[in-house]
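Novice:
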Amino acid sequence: MAKILLSKENLFHNLNIICNQAGSKDKVAVVLKDNAYGHGLLEIAQLANEFGIKKAVVRTLDEAQIIEDLFDDILILSEKNFDTYSHTFHITLNTLEDIDNIPSYCKVNIKIDTGMHRNGILPEELEEAILGLTKRNIKITGVFTHHRNADTLSTDFFWQNSIFRDVKEDVKSLCEKLSLDIPSFHSCNSSALFRHTNFSDNFARVGIACYGYLENDSTFNLPNLKPVLSLWANRISTRMIKKGQCIGYGATYQAKEDMTVSTYDIGYGNGFLRLNENQKYITPKGYKILGRVSMDSISLNSDDDQVCIFEDVRELAKIQNTISYEITTTLSSNIKRIIK
Ligand SMILES: *Cc1c(COP(=O)(O)O)cnc(C)c1O
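Using the numbering used here, the letters of the sequence shown correspond one by one to residues 40 to 379.
(1) Would you kindly check if the distance between the Cβ of A272 and the Cβ of Y303 is under 9 Å?
(2) With a CB to CB cut of under 6 Å and the five nearest residues on each side skipped, what residues in its chain are close to Q199?
(3) Could you say which of L355, S276, I151, R376 lies nearest to S201 if we only look at CA atoms?
(4) Does at least one heavy atom of ligand 1 sit under 8 Å from the Cβ of S230?
(5) Write down the C-beta distance between G116 and T134 rounded to the nearest angstrom, noting that I regard them as a contact closer than 8 Å.
(6) Going by DSSP, what residue range makes up the beta strand (DSSP E) through T302?
(7) For the alpha helix (DSSP H) containing F196, list its first residue and its last residue.
(8) Is R244 near ligand 1 - that is, is its Cβ less than 8 Å away from at least one heavy atom of it?
(9) Which one of T277, A243, Q345, P262 has the shortest CA to CA distance from L270?
(10) The beta strand (DSSP E) spanning L264 covers which residue range?
(11) At the level of alpha carbons, what is the spacing between D343 and S336?
(12) Is any heavy atom of ligand 1 found at a distance shorter than 8 Å from the C-beta of I151?
(13) I need the DSSP call for I3, collapsed to helix, strand or coil.
(14) Checking 9 Å against the spacing of the C-beta atoms, do K47 and G91 come in under that value?
(15) According to the Cβ coordinates, are P162 and V206 closer than 9 Å?
(16) Is it a yes or a no for the stretch 213-223 touching the stretch 58-74, going by three-plus beta-carbon pairs under 8 Å?
(17) My guess is that A189 and R234 are in contact by the Cβ rule of under 8 Å, so how many angstroms apart are they, rounded?
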């Protein structure tokens with residue numbers, strides 16, 4: 040079976056760089072949504088715990104429950120089932136409508152829309168949200184926002200920061216007026232964290248950088264992160280192909296000479312996105328994917344029993360015209376994850 044190897048050494052290397060940038064291990068929440076960007080939710084959660092990270096971010100309650108014992112605080116970004124209370128979980132308030140649906144005594148982080156216009160309440164709705172939640176005995180443990188453009192050289196980053204700075208002041212004065220504890224403030228994803236020279240939020244929510252990538256413009260001074268995940272496939276069968284014979288669906292690859300070809304057990308059914316005749320991908324050892332990617336297999340000019348398909352997804356992301364996030368996140372959860 041195909042497998043995913045997770046490098047503990049590289050993950051710890053990245054977490055060290057991230058924690059130094061943020062100031063300490065307590066100022067980093069690892070983002071583990073969507074099966075830890077395809078790396079394996081439980082595997083990465085266990086490693087992050089071993090490293091000493093205390094906070095995690097997920098998308099759903101189901102994800103949070105799987106890792107509940109491994110963290111002190113888990114922020115759940117977009118769950119509409121508010122029923123299961125846990126002292127570890129912090130539910131995101133994405134809209135004023137939800138104030139009445141969240142059970143009393145839950146912990147809530149209020150998301151503020153500072154310009155992304157996706158989820159979150161508007162800065163001018165803050166007072167209504169804080170009063171509404173407090174009236175229902177819901178504890179506000181955090182106030183946060185998300186950047187729409189921290190990875191490119193634009194002024195959006197500074198514009199959103201200045202809106203969030205005002206939000207912080209408003210929240211602080213409202214909390215003082217109402218004798219509430221001041222909540223945690225957080226605004227940075229990976230790319231935003233590495234744009235700060237003087238990081239001053241309570242913590243950062245770091246996803247892609249943990250896994251070894253940053254999509255920032257190369258004009259920024261980027262840290263030396265290392266990819267955590269490599270994908271490996273096993274040989275199913277080998278045959279000799281004669282000059283002129285074609286391989287796979289659509290007969291899109293025609294052998295220019297007699298050659299040895301093997302199939303390997305990874306395909307788009309495992310989330311290895313389909314490649315066609317216009318996209319040429321070569322493995323780290325120099326083998327070519329011949330013809331189209333099938334659902335359950337690919338063909339390579341190799342007869343090795345095991346082949347590394349990638350150990351750094353950036354080349355594949357470029358060929359697929361996408362971002363590193365999509366290449367790793369699509370890898371199915373049924374591929375075995377092995378920590379090395
Ligand atoms: C996914 C996500 C992150 C992590 O972003 P990266 O670019 O992977 O670091 C942080 N915050 C929120 C709200 C997210 O949805």
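By construction, the Cβ of each residue, glycine as well, lies at the ideal position given by its N, Cα and C atoms.
Specialist: Let me lay it out:
(1) yes
(2) T153, G154, H186
(3) I151
(4) yes
(5) The sequence as given places Leu at residue 116; Gly does not occur at that position. Their Cβ separation, rounded to whole angstroms, is 13 Å, which puts L116 and T134 out of contact at 8 Å.
(6) 298-303
(7) 195-217
(8) yes
(9) Q345
(10) No beta strand (DSSP E) contains L264, which DSSP labels as neither H nor E.
(11) 15 Å
(12) no
(13) Beyond the ends of the chain as shown, which are 40 and 379, falls residue 3; an answer cannot be given.
(14) no
(15) yes
(16) no
(17) 6 Å
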